[in-house]
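Everything below concerns the one structure shown next.
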Amino acid sequence: MKSSIEKRENQTQGYKIQVFNNNIIDDFIQRFEEEINARPSVALLFEELWALNQPFVFKQYQRILSSPYIDSDWVNQMLVRNLANQRLNEVVNAEVERISKNLDYMQETLNKYDANLQEYEKIAKREGKTANRKKVLDQCRTEKYRTTALTSYGINIPSHVNTYRDLDLTAEALNRQTQMGSEWSSYDLANRRARLQGLPEPYTKKQWIWTNRGETTRHKSNDGQTVDFYDYFKIINDKTGRVDMMLYPHDPNASYENSWICYCQMRAF
Ligand SMILES: [Zn+2]
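Position in the sequence shown counted from 1, then plus 165, gives you the numbering used here.
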């Protein structure tokens, strides 16, 4: 239940970020013909994405203060705010990088090939606010260049060097990381607090929980794995066999195969 609510929250946030990305791309493409450089500065992108992500990230970290083991005194409030700011910067930097790469891709394509921009506008409108703009642009290349695309010098850039990615998926993964990172921090802070007061740590163990939701089928064999709180889980991807040592589900230090949009949970006790 918890993970399906989280999933919905992430997707709503992902939707907003994707619409933001697409509006910037559409504006850039439409004004390309008029030879106006409509590329927003990195500083502006950063500022706007910061405002878009801030409520979500802060809400996640604010939850730490409602833990029964953590005082909501000013020291902890400051600590939590610092953790949230740090996380927010990471999230926004990753999104700025992704949007910049998407703009690079569009610019490169428009410089090299002819595209019917009226057609682009029409298709983009029809496909909707979150539709992948690379696919829209691919559909409105002129016949001449479609033929060119069949040659080895064509526009068919191999997928591994193609920089355009749907930002909603990126946002969903970043948000999931934010949720799990803040959850781990809440347990860690409660332990640190107890140590400072000379009390036993409230959390000494943690357990990996496979939820059977969303993209989580790959982690079934890890269900119930229990380790000491500050140890790593040894997590195997059931489909690919890839093994990572992970502090918590969605630990960003693990490989893409084990950390990307995983809806596993963790229980500390
Ligand atoms: Zn998982």
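All C-beta atoms, glycine included, are put in the ideal place defined by N, C-alpha and C.
In this text, all values refer to a predicted model and were calculated from it rather than measured experimentally.
- A Cβ-Cβ distance of about 7 Å is found for the pair R378 and K172, placing them in contact under the 8 Å criterion.
- According to DSSP, T391 shares a beta bridge with Q372.
- Taking the C-beta atoms as reference points, N186 is found no nearer than 8 Å to I235.
- In terms of side-chain proximity, the C-beta atom of C429 is found nearer than 7 Å to a non-hydrogen atom of ligand 1.
- K294 and V184 have their C-alpha atoms some 6 Å from each other.
- In the DSSP assignment, K300 falls within the unbroken alpha helix (DSSP H) covering R298 to Q304.
- Taking C-beta atoms as the reference points, A280 and D191 fail to come closer than 8 Å.
- Membership of K399 in the beta strand (DSSP E) is indicated by the continuous run F398 to I401.
- Secondary structure note for A433: it is in no alpha helix (DSSP H), and the uninterrupted beta strand (DSSP E) holding it is Q430 to A433.
- Annotation for D353: no beta strand (DSSP E) segment contains it, though the alpha helix (DSSP H) segment containing it runs L332 to L361.
- L275 sits close to I194, with the two beta carbons spaced by under 8 Å.
- Setting aside the 5 residues that flank it on each side, P205 is surrounded in the same chain by I189, each with a C-beta closer than 7 Å to its C-beta; the list follows chain order.
- For D409, the enclosing beta strand (DSSP E) stretches over residues V408 to M411.
- For the 8 Å CB-CB criterion, L354 and I229 form a contact.
- Shortest Cα-Cα distance from S386 to any of N356, E292, L282 and N402 involves N402.
- Cβ-Cβ distances below 6 Å link T335 to R263 in the same chain, with the five nearest sequence neighbours on each side left out; the list follows chain order.
- In the structure shown, the three-state DSSP call for A419 is coil.
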